[in-house]
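Have a look at the structure below before the remarks.
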């Protein structure tokens, strides 16, 4: 006979509620402002990084083989890893958005 799981303990009211969680519970029209939606998305998906003012975001990319070979070639020539190349390209693109 399988054991029944215990019910999870309720929320400890001694702890303050996170600002993003409180904002998500407030009644609204169902649509967040883009900046608030971005902060909420990062809060949900990203993990803290040991580097100050950075977060760890794990992505799985499905790319064309030709593109990956070009990225790998660029990484090898510049003596960096492919992740550093993708980060640099992403940051360059983000500068154009500003």
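In our numbering, the protein residues as written are 1 to 98.
All C-beta atoms in this analysis are idealised placements derived from N, C-alpha and C, irrespective of residue type, glycine included.
Bear in mind the structure is a predicted one, so any value in this text is a computation, not a measurement.
Residue from the options with nearest C-alpha to residue i
{"i": "residue 86", "options": "95, 53, 72", "result": "72"}
{"i": "residue 58", "options": "50, 46, 69", "result": "46"}
{"i": "residue 60", "options": "83, 76, 70", "result": "83"}
Span of the alpha helix (DSSP H) around residue i
{"i": "residue 96", "result": "82–97"}
{"i": "residue 34", "result": "34–45"}
{"i": "residue 3", "result": "Neither: residue 3 is in no alpha helix (DSSP H) and is coded neither H nor E."}
{"i": "residue 62", "result": "Segment: none, residue 62 is in no alpha helix (DSSP H) and carries neither H nor E."}
Beta-carbon gap between residue i and residue j smaller than 8 Å
{"i": "residue 42", "j": "residue 51", "result": "no"}
{"i": "residue 81", "j": "residue 75", "result": "yes"}
Beta-ladder partner(s) of residue i, from DSSP
{"i": "residue 55", "result": "48"}
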